[in-house]
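Step one of this worksheet: look at the structure below.
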Amino acid sequence: MVRRALIFGNSYIRRLETFTHENCDRGWLNLGLDGTDIQVEFFGLGGGTLRPGNKCVQKQQYMHIIEEYMPHSVFLQVGGNDLSSENEPVKIARDISVFADYIINCYHVNHVVIGQLLPRYSERPEAYYNNKVYIVNKELSHLVKERDNATFWHHRGLWKNTPDLLLKDKVHLNDEGMEIYARSVRAAVGSLSRTCNVEQTCVANYRL
Numbered sequence: 001m002v003r004r005a006l007i008f009g010n011s012y013i014r015r016l017e018t019f020t021h022e023n024c025d026r027g028w029l030n031l032g033l034d035g036t037d038i039q040v041e042f043f044g045l046g047g048g049t050l051r052p053g054n055k056c057v058q059k060q061q062y063m064h065i066i067e068e069y070m071p072h073s074v075f076l077q078v079g080g081n082d083l084s085s086e087n088e089p090v091k092i093a094r095d096i097s098v099f100a101d102y103i104i105n106c107y108h109v110n111h112v113v114i115g116q117l118l119p120r121y122s123e124r125p126e127a128y129y130n131n132k133v134y135i136v137n138k139e140l141s142h143l144v145k146e147r148d149n150a151t152f153w154h155h156r157g158l159w160k161n162t163p164d165l166l167l168k169d170k171v172h173l174n175d176e177g178m179e180i181y182a183r184s185v186r187a188a189v190g191s192l193s194r195t196c197n198v199e200q201t202c203v204a205n206y207r208l
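Numbering (my numbering), first residue to last: 1 to 208.
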């Protein structure tokens with residue numbers, strides 16, 4: 001049976017979906033994964049946050065895609081926009097972890113992968129924001145360590161060289177950076193496709 005994976009989050013995901021469509025001739029359709037094994041769906045909200053507000057991804061108008069798509073696994077990229085106004089990064093990390101648990105428990109998702117937050121160079125002072133990112137990532141890695149239904153995913157190649165991989169807004173990835181990011185997310189989704197019990201999830205969803 002074909003597995004279903006949902007890539008869910010903020011503008012990084014919206015731009016990732018655009019990247020895959022624009023580069024389908026280079027093998028990026030379905031994130032470059034075998035569609036007979038795993039089907040990929042995207043939902044990315046520009047400016048998306050976990051905190052209450054117009055762009056809160058936890059609103060039902062956005063969460064309904066999980067209920068409708070019934071994914072076996074979810075890749076989650078959230079939290080970066082919240083850090084712009086949040087001075088307690090450990091709390092943000094815990095909020096992300098709780099959100100992952102909500103997805104697992106309420107939508108019968110087998111596995112959630114939480115994507116590493118990436119640095120920005122648009123904030124002033126930039127070191128303050130990026131220090132908070134470091135704390136969030138460290139805490140998230142600790143929170144999901146040794147869990148069998150959640151994983152923290154490091155985006156290799158997108159930390160040390162980040163300034164050279166960003167657009168002029170110093171937040172979003174340029175073409176080179178997006179290709180690295182796409183490869184990272186593809187590796188994450190490919191890894192969780194091997195851990196999902198498809199029959200178990202389908203039965204759980206059927207009972208809803």
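Ideal placement from N, C-alpha and C gives every residue a C-beta, glycine not left out.
This one's a predicted model, so the numbers in the text were calculated from it and none came from an experiment.
(request) Excluding the 5 residues preceding and the 5 following A187 in the sequence, name in chain order all residues of the same chain whose CB lies nearer than 8 Å to its CB. (result) The residue labelled residue 187 in the question sits at position 187 within the sequence shown. Nothing listed; no residue qualifies.
(message) Measuring only the C-alpha atoms, how far is Q61 from E146?
(response) Sequence index remark: in the sequence shown, residue 61 carries index 61 (1-based). Sequence index remark: in the sequence shown, residue 146 carries index 146 (1-based). Cα to Cα, Q61 sits roughly 33 Å from E146.
(request) Go to Q60, then tell me how far its beta strand (DSSP E) extends in each direction, as first and last residue. (result) Here residue 60 refers to the residue found at position 60 when the sequence shown is read from its first residue. Looking at the DSSP string, Q60 is not in any beta strand (DSSP E); the run it does join, the alpha helix (DSSP H), is 60-69.
(request) Identify whether L158 lies in helix, strand or coil by the three-state DSSP scheme. (result) Here residue 158 refers to the residue found at position 158 when the sequence shown is read from its first residue. In the three-state reduction of the DSSP assignment, L158 falls in the coil class.
(message) Runs of 3 residues minimum, wholly inside the stretch 94-138: which ones carry the beta strand (DSSP E) assignment?
(response) Runs found: 111-115.
(request) Take T49 and list the residues in its own chain whose beta-carbon comes closer than 6 Å to its own, dropping the five residues that flank it on each side. (result) Here residue 49 corresponds to residue number 49 of the sequence shown, with the count starting at 1. Cβ neighbours of T49 beyond the five flanking positions: K55, C56, N81, D82.
(request) Over the uninterrupted alpha helix (DSSP H) stretch that includes T151, give me the two end residues. (result) As a first step, residue 151 is located in the sequence shown; it is residue number 151 there, counting from the start. It is not in any alpha helix (DSSP H) - T151 instead sits in the beta strand (DSSP E) that spans 150-153.
(message) So, at 7 Å on beta carbons, what are the nonlocal neighbours of A127 in its own chain, with the 5 sequence-adjacent residues on each side left out?
(response) Residue mapping note: residue 127 aligns to position 127 of the sequence shown, counting from 1. Result list for A127: empty, nothing under 7 Å.
(message) Along the chain, where does the alpha helix (DSSP H) containing R4 start, and where does it finish?
(response) Numbered from its first residue, the sequence shown carries residue 4 at position 4. Premise fails: R4 lies in the beta strand (DSSP E), 3-9, not in any alpha helix (DSSP H).
(request) Report the residue from R124, I96, V78 whose alpha carbon sits nearest the alpha carbon of V144. (result) By one-based count along the sequence shown, residue 144 stands at place 144. Of all alpha-carbon atoms in R124, I96, V78, the one lying nearest the alpha-carbon of V144 is that of I96.
(request) Grab the span of the beta strand (DSSP E) containing S85 for me, first residue to last. (result) Along the sequence shown, one-based indexing puts residue 85 at 85. Bounds of any beta strand (DSSP E) do not take in S85, whose DSSP letter is neither H nor E.
(message) Please state whether the Cβ-Cβ distance between H111 and R4 is less than 8 Å.
(response) As a first step, residue 111 is located in the sequence shown; it is residue number 111 there, counting from the start. As a first step, residue 4 is located in the sequence shown; it is residue number 4 there, counting from the start. Their beta carbons are not under 8 Å apart, which means H111 does not touch R4 by this criterion.
(message) Measuring only the C-alpha atoms, how far is D101 from E123?
(response) As a working note, residue 101 is residue 101 in the sequence shown. As a working note, residue 123 is residue 123 in the sequence shown. When the Cα atoms are used, D101 and E123 turn out to be separated by approximately 30 Å.
(message) Using only the alpha-carbon positions, how far apart do L29 and E22 sit?
(response) Start at 1 with the first residue of the sequence shown, and residue 29 comes out as number 29. Start at 1 with the first residue of the sequence shown, and residue 22 comes out as number 22. About 9 Å.
(request) Give the single residue among I38, S184, Y121 whose Cα lies nearest to the Cα of S84. (result) Numbered from its first residue, the sequence shown carries residue 84 at position 84. When only C-alpha atoms are compared, the closest one is Y121.
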